[in-house]
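**Q** If you scroll down you'll find the structure; I have some questions about it.
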Amino acid sequence: MKALLSVVMIMLHEKLCSISSSELASRIDHAILKPWLARKELEQAINDLEELNLRCLILSPQLLREAHGITGKCLGVVVGFPFGYHSIEAKIKELEDVIALGAREIDYVANTQLYLLGRKDEYANEIRAVTTICREAEVTCKIIIETPALTQSQIKEVTRLVAEYEPDFIKTSTGFGPRHTLPDDIVIIDSTLRKIGKRDIIKIKAAGGIRTGLQAAILLSLGADVIGTSTPRQILETYRDLCTSNRSCTK
């Protein structure tokens with residue numbers, strides 16, 4: 060039994076440590092969204108973006124204005140953050156403004172409250188409008204569906220609704236939901252996209268309470284393509300610790 064357990068642990072370790080820390084970094088979006096952050100934190104985040112070779116820096120609209128022209132790396136912005144229940148007209152104006160400011164990626168908070176109130180046509184119309192604008196502007200579109208506020212059956216239904224309009228990503232959470240993103244959320248989104256033949260078109264971004272390398276590794280192994288976090292250094296450091304005996308993770 061001990062021998063079998065050892066084999067299982069080795070196999071699990073190898074699966075979780077199947078990518079190098081540099082590849083993990085390239086799949087991390089660093090979010091700096093707290094309203095009290097200012098220039099010092101922005102400059103540090105840009106330094107981390109470049110030094111760690113992170114995938115993208117996700118900002119508030121105001122910080123995007125401050126960051127414009129400072130770095131040539133990917134800058135994204137949140138729209139409708141954090142709860143998404145602004146009017147569609149207000150959100151579209153915000154979307155158009157940040158695209159004009161140079162945002163290359165949009166993390167868009169869908170109006171989950173519309174869906175939960177049963178106004179699914181309005182919810183779908185919003186997704187259609189946003190994805191159309193992003194596609195025409197040639198910017199990456201991530202739709203945040205707030206899985207922590209949904210049941211498993213609702214996650215499936217919302218994934219299907221959103222997938223009809225083919226955003227670049229479905230993102231799990233803003234981090235303001237009633238719980239953190241769970242492995243089950245990724246499994247449900249991934250399996251639903253596969254069932255409807257959209258998995259090759261739509262990627263998955265896991266975000267919301269992801270603070271450690273172990274969390275990130277588990278979510279990536281289950282189907283997440285990108286990790287969103289406010290603590291990229293902590294994730295990378297704990298990932299290296301996790302995989303210290305695995306050569307593929309020591310680069």
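Numbering (my numbering), first residue to last: 60 to 310.
The beta-carbon is built from N, C-alpha and C at its ideal position, and this holds for glycine as well.
Around the Cβ of N312, are there at least 16 other Cβ atoms within 10 angstroms (buried) or fewer (exposed)?
**A** One cannot answer for residue 312 here, as it falls past the ends of the chain, which runs 60 to 310.
**Q** So A149 packs on L123, CB below 8 Å; how close in whole Å?
**A** Walking along the sequence shown from the start, residue 149 turns up at place 90. Walking along the sequence shown from the start, residue 123 turns up at place 64. Contact flag wrong, Cβ pair sits at about 17 Å.
**Q** Distance, Cα to Cα, S79 vs T199?
**A** As a first step, residue 79 must be located in the sequence shown, where it is residue number 20. As a first step, residue 199 must be located in the sequence shown, where it is residue number 140. Cα to Cα, S79 sits roughly 25 Å from T199.
**Q** Using CA atoms only, rank isn't needed, just tell me which of N112, G267, Q172 and I151 is closest to P242.
**A** Here the question's residue 242 lines up with position 183 in the sequence shown. For P242, the nearest C-alpha among the options comes from G267.
**Q** Quick one: what does DSSP say K93 is sitting in, helix, strand or coil?
**A** For this step, residue 93 is matched to residue 34 along the sequence shown. K93: coil per DSSP, three-state reduction.
**Q** Taking DSSP's pairing of strands, which residues face E200 in a bridge?
**A** Working through the sequence shown from its first residue, we reach residue 200 at position 141. For clarity, residue 200 is Cys in the given sequence; the question names Glu instead. Answer by DSSP bridge pairing, in chain order: I165.
**Q** Give the straight-line distance between the Cα atoms of I186 and C193, rounded to the nearest whole angstrom.
**A** Stepping through the sequence shown from its first residue, residue 186 is reached at position 127. Stepping through the sequence shown from its first residue, residue 193 is reached at position 134. Those two C-alpha atoms are separated by around 11 Å.
**Q** Assign L301 to one of three DSSP states: helix, strand, or coil.
**A** For the purposes of this step, residue 301 is taken as the residue at position 242 of the sequence shown. Residue state, collapsed to three classes: helix.
**Q** Using the rule of at least 16 other Cβ atoms within 10 Å of the residue's Cβ for burial, across every protein chain shown, is K230 buried or exposed?
**A** As a first step, residue 230 is located in the sequence shown; it is residue number 171 there, counting from the start. By the neighbour-count rule (16 or more Cβ atoms within 10 Å), K230 is buried.
**Q** Go through its chain and collect everything with a Cβ distance to G287's Cβ below 6 Å, but skip five positions before and after it.
**A** Residue mapping note: residue 287 aligns to position 228 of the sequence shown, counting from 1. So the list reads D88, A90, K264 and A266, once near-sequence residues are dropped.
**Q** On the premise that G135 lies in contact with E164, defined as a C-beta separation below 8 Å, what is that separation, rounded to the nearest angstrom?
**A** The residue labelled residue 164 in the question sits at position 105 within the sequence shown. The residue labelled residue 135 in the question sits at position 76 within the sequence shown. About 3 Å separates the two Cβ atoms, so the contact holds.
**Q** Only counting the same chain, and skipping five residues up and downstream in sequence, which positions put a Cβ closer than 7 Å to that of H145?
**A** For this step, residue 145 is matched to residue 86 along the sequence shown. Once the five neighbours on either side are set aside, the close Cβ partners of H145 are G139.
**Q** In chain order, what residues of the same chain have a beta carbon less than 7 Å from the beta carbon of R114, not counting five sequence neighbours either side?
**A** In the sequence shown, residue 114 corresponds to position 55, counting from 1. Counting only Cβ-Cβ distances below 7 Å, and skipping sequence neighbours, we find S85, R86, I87, D88, C133 and V285.
**Q** State the DSSP-derived secondary structure class of A283, mapped to helix, strand or coil.
**A** Residue 283 sits at position 224 when you count from the first residue of the sequence shown. Three-state result, A283: coil.
**Q** Write down every uninterrupted run of the alpha helix (DSSP H) in the segment 227 to 264 whose length is 4 residues or greater and which is fully enclosed by it, in chain order.
**A** Within the segment 227 to 264, the complete alpha helix (DSSP H) runs of at least 4 residues are 242 to 254.
**Q** Excluding the 5 residues preceding and the 5 following F228 in the sequence, name in chain order all residues of the same chain whose CB lies nearer than 8 Å to its CB.
**A** For the purposes of this step, residue 228 is taken as the residue at position 169 of the sequence shown. Answer for F228: T199, C200, K201, I202, I261, K262, I263, K264, D284 and V285, listed in chain order.
**Q** State the beta-bridge partners of A266 as determined by DSSP.
**A** Indexing the sequence shown from 1 puts residue 266 at position 207. Note: A266 sits in a beta bridge opposite G287.
**Q** Pairs of beta-carbons, one from the segment 237 to 254 and one from the segment 200 to 219, closer than 8 Å: are there three or more?
**A** Cβ pair count under 8 Å is three or more, so yes.
**Q** Just mark L176 as buried or exposed, buried being the case when its beta carbon has 16 or more other beta carbons within 10 Å.
**A** For the purposes of this step, residue 176 is identified with residue 117 of the sequence shown, where counting begins at 1. Per the 10 Å Cβ criterion, exposed.
**Q** Is the separation between the beta-carbon of T206 and that of S232 shorter than 8 Å?
**A** Translated into positions along the sequence shown, residue 206 becomes position 147. Translated into positions along the sequence shown, residue 232 becomes position 173. Against a cut-off of 8 Å, the Cβ pair of S232 and T206 comes out as a contact.
**Q** Who are the near neighbours of I117 in its chain, counting only those whose CB is closer than 6 Å to its CB and skipping five residues on each side?
**A** Within the sequence shown, residue 117 is the residue found at index 58, counting from 1. D88, A90, G135 and D166, listed in sequence order.
**Q** Are the Cβ atoms of E73 and R98 separated by less than 8 Å?
**A** As a position in the sequence shown, residue 73 is number 14, starting the count at 1. As a position in the sequence shown, residue 98 is number 39, starting the count at 1. Against a cut-off of 8 Å, the Cβ pair of R98 and E73 comes out as no contact.
**Q** Measure the CB-CB distance between L301 and L83 and report whether it falls below 8 Å.
**A** The sequence position of residue 301 within the sequence shown is 242, counting from 1. The sequence position of residue 83 within the sequence shown is 24, counting from 1. For L301 and L83, no; Cβs fall outside 8 Å.
**Q** Taking all protein chains shown into account, decide if A159 is buried (16 or more other Cβ within 10 angstroms of its Cβ) or exposed.
**A** Numbered from its first residue, the sequence shown carries residue 159 at position 100. Looking at its Cβ environment, which holds fewer than 16 other Cβ atoms inside 10 Å, A159 is exposed.
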